[in-house]
Structure formats: structure tokens, C-alpha cells
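In what follows, a single structure is set out as C-alpha cells and then discussed.
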Amino acid sequence: MHWHILGAGAIGTLWADLLMQAGHSVTLILRQANHSLEQGIQVVDGENQHRFTPKTETLSKNSAPIHNLLVTTKAQHTLSALEPLLPRLGASTQIVLLQNGMGQQQAAADRLPTRKLWAATTTAGAWRESPARLHLVSLGQTQIGPWHSEQPQLPEGWDSLAIELHGCTQIEQVLWRKLAINCAINPLTALHRCRNGELLSDPQRLQQMQQVCEEVEAVAAALGMPLFDQPLQQQATAVAQSTGNNLSSMLQDIRHGRATEIEQITGFLCDQADILGVDVPLNRDLLQQVRNLNSAKE
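Counted the way this note's numbering counts, the sequence shown spans residues 30 to 327.
Okay, structure coming up:
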């Protein structure tokens with residue numbers, strides 16, 4: 030089975046490795062050619078290292094059909110990145126969206142109403158020292174489910190991946206849980222320029238996290254979307270503790286002058302709050318502050 034991967038960042042590169050280890054062939058779709066990948070990609074896992082060599086192609090230089098597509102772009106780029114590939118996607122093409130945030134899944138489903146579409150979220154951790162050198166932090170666990178209920182829980186070929194992979198029928202609830210944690214941690218770390226665990230050592234930051242969690246829970250309750258068996262604050266604290274030394278993806282984007290996924294995280298939450306008539310003042314304030322940081326980089 031051959032998989033194309035759109036979004037050759039850390040997670041896209043990691044999945045290329047996992048798919049090839051499972052016996053699949055892989056093509057990374059790049060914005061522009063990168064000759065450094067011709068000698069392969071080095072994966073560093075603690076003291077262990079190995080190299081794998083996926084195929085590569087650029088968006089503008091191939092028109093061959095795509096039968097299996099994994100999308101790991103930033104959430105805000107989903108539709109614009111998919112657009113050039115639409116002529117290559119057949120009626121039976123499998124498409125997996127493995128991304129942070131919410132909103133882009135429904136947008137992709139609306140744009141591709143007849144395709145087989147899955148949404149996934151992962152706690153895997155990896156970072157790229159360079160396009161040809163990937164550091165694996167943890168494989169974590171990955172949850173995936175069909176966007177349309179009549180599809181199987183896993184895309185064909187994914188049952189052979191060497192990761193903790195959970196197929197589920199209620200993927201929207203899973204995505205809401207991930208969104209809730211991201212709302213509680215990512216904007217605050219980006220604005221305070223701190224590691225995840227440092228949110229817990231400062232009383233002001235901890236109080237802000239508590240209010241964010243209460244507002245998220247109010248939106249979820251109005252939507253009728255169960256989150257966790259315990260309060261969100263408790264769950265978010267546990268995640269911040271277990272990832273204490275990590276820099277959130279939003280903080281990394283701010284540091285590198287990249288656009289963040291704030292619109293697909295806090296922005297999505299605020300949009301839902303508008304629809305439901307729920308007041309979320311702190312989340313709105315954090316949304317605007319991160320937008321201002323993004324604008325300052327432009």
C-alpha cells in the first residue's frame with residue numbers, strides 16, 4: 030500500500046517512518062524540492078538511531094492518482110493545502126487528518142463529501158533538528174475514527190502500525206477532549222513564554238488556567254459534549270505536569286515567527302460559545318492576545 034503525506038513536519042515525518050516500518054511505501058509531498066532528503070531521514074530515539082528514505086515530490090510536479098493521503102499540515106492550512114491535490118483524489122481515496130484543533134475536519138468533509146475521511150489525534154512527541162534529522166520523544170497514543178459513521182474505525186493498513194492506536198466511533202468527543210486541554214495550556218504558555226509545567230508554579234497562571242477550564246466546560250455542557258470523568262482543571266494539570274519540560278506547539282510557532290493554530294483551538298471554542306450563547310471572556314481575551322502576537326510577526 031502506498032501513502033502520500035501532506036505536511037512533512039515532525040509528525041508527518043514520524044508517520045512516514047511508522048508507515049514504512051509497517052511495510053508501506055511513502056511519498057512526502059513538499060512545497061519545494063529538498064535535496065537533503067535524498068540520502069534519507071535520520072531518526073534519533075534516545076541512544077538508538079536509524080535511517081529511512083521515503084520518496085518525495087512537489088505539489089506542482091505530479092498528477093498521478095493518490096489512493097491514500099495523510100494530512101499533517103497545520104490546521105489552518107488544511108483546505109489550501111488540499112486544493113491542488115483534488116484532481117488526484119479518486120472516489121475511493123482514503124484521507125486521514127492528523128492535526129490539532131477543530132473546524133478543519135468539517136470543512137474538509139464539506140469539500141470532499143464522498144471521500145473516505147478519518148480524523149485522528151495523537152500524544153506522540155517529536156521534533157526536527159533539520160528536515161533530514163528527526164528526534165523522537167515519545168510515540169504516545171493515537172486515537173482515530175471515521176468522520177462518517179458508516180466507515181470502519183481504521184483506514185486500511187493502519188492496523189499494522191507499531192504504535193498504540195485506538196480506533197473509536199466517537200471521534201468528535203475525542204477531538205473535543207484534546208481541544209479542551211489545548212485551550213487550557215497552549216495560549217497561556219504562548220503568552221507567558223513558558224514551558225507547560227511553569228503554568229503550575231505561578232498562582233496567576235494557575236488561576237487563569239482554572240478560569241479557562243471553567244469556560245470550556247460551560248461550552249461543552251451547553252453543547253451536550255461530555256469531556257472527562259474528572260474536572261478539566263484536574264486533567265489539564267496532569268497533562269501540564271507530565272509534559273512539564275515541553276514547549277507547546279503554539280509557543281514554538283510564536284518563537285519562530287509562524288502563524289499559530291489559535292483559530293482552530295481557542296477560536297473554534299469562541300465560535301461555539303457564540304452559537305450557544307455562552308460567555309467566555311478569558312478565552313476571548315487570550316484569543317485576541319495571540320492574534321495580536323501573530324499580527325506583530327507579519
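Yeah, the Cβ is synthetic: ideal placement off N, Cα and C, and Gly gets one too. In this text, all values refer to a predicted model and were calculated from it rather than measured experimentally.
- For L66 and L35, the gap between their C-alpha atoms comes out near 15 Å.
- Cα atoms of W44 and G154: separation of roughly 11 Å, rounded to the nearest angstrom.
- The DSSP-derived three-state label of A249 is helix.
- Here K103 is buried, its C-beta having at least 16 other C-beta atoms within 10 Å.
- Within the model, the alpha-carbon separation for L229 versus T150 is close to 25 Å.
- Going by DSSP, V268 is part of the alpha helix (DSSP H) stretching over 261–271.
- Take the alpha-carbon of Q259 and the one of L108: they are about 35 Å apart.
- Remark: C-beta atoms of K90 and S54 do not approach each other more closely than 9 Å.
- Straight through space, the alpha carbons of H31 and E227 are spaced by roughly 42 Å.
- About 16 Å separates the Cβ atoms of N274 and R234, ruling out a contact at the 8 Å cut-off.
- The continuous stretches of alpha helix (DSSP H) do not include H79, which lies in the beta strand (DSSP E) extending over residues 77–81.
- Secondary structure in the stretch 172–245: the alpha helix (DSSP H) runs of 4 residues or longer, each lying completely within the stretch, are 200–221 in chain order.
- Assigned with DSSP and collapsed to three states, D139 falls in helix.
- The secondary-structure analysis by DSSP pairs D74 across a beta bridge with N77.
- In terms of Cβ geometry, W205 and M131 form a close pair [threshold 9 Å].
- In the DSSP assignment, T107 falls within the alpha helix (DSSP H) that extends over 107–111.
- Around T101, the same chain offers G36, I40, G41, L127 as residues with beta carbons nearer than 6 Å, after the five sequence neighbours per side are excluded.
- According to the DSSP assignment, L57 belongs to the beta strand (DSSP E) that extends over 54–59.
- If you ignore the 5 residues before and after Q262, its C-beta comes within less than 6 Å of the C-beta of Q239, C242, all in its own chain and listed in chain order.
- In terms of Cβ geometry, T272 and V319 do not form a close pair [threshold 9 Å].
- The Cβ neighbour count for G296, taken over all protein chains shown within 10 Å, is at least 16; the residue is labelled buried.
- In the three-state scheme derived from DSSP, where H, G and I count as helix and E and B as strand, S324 is classed as helix.
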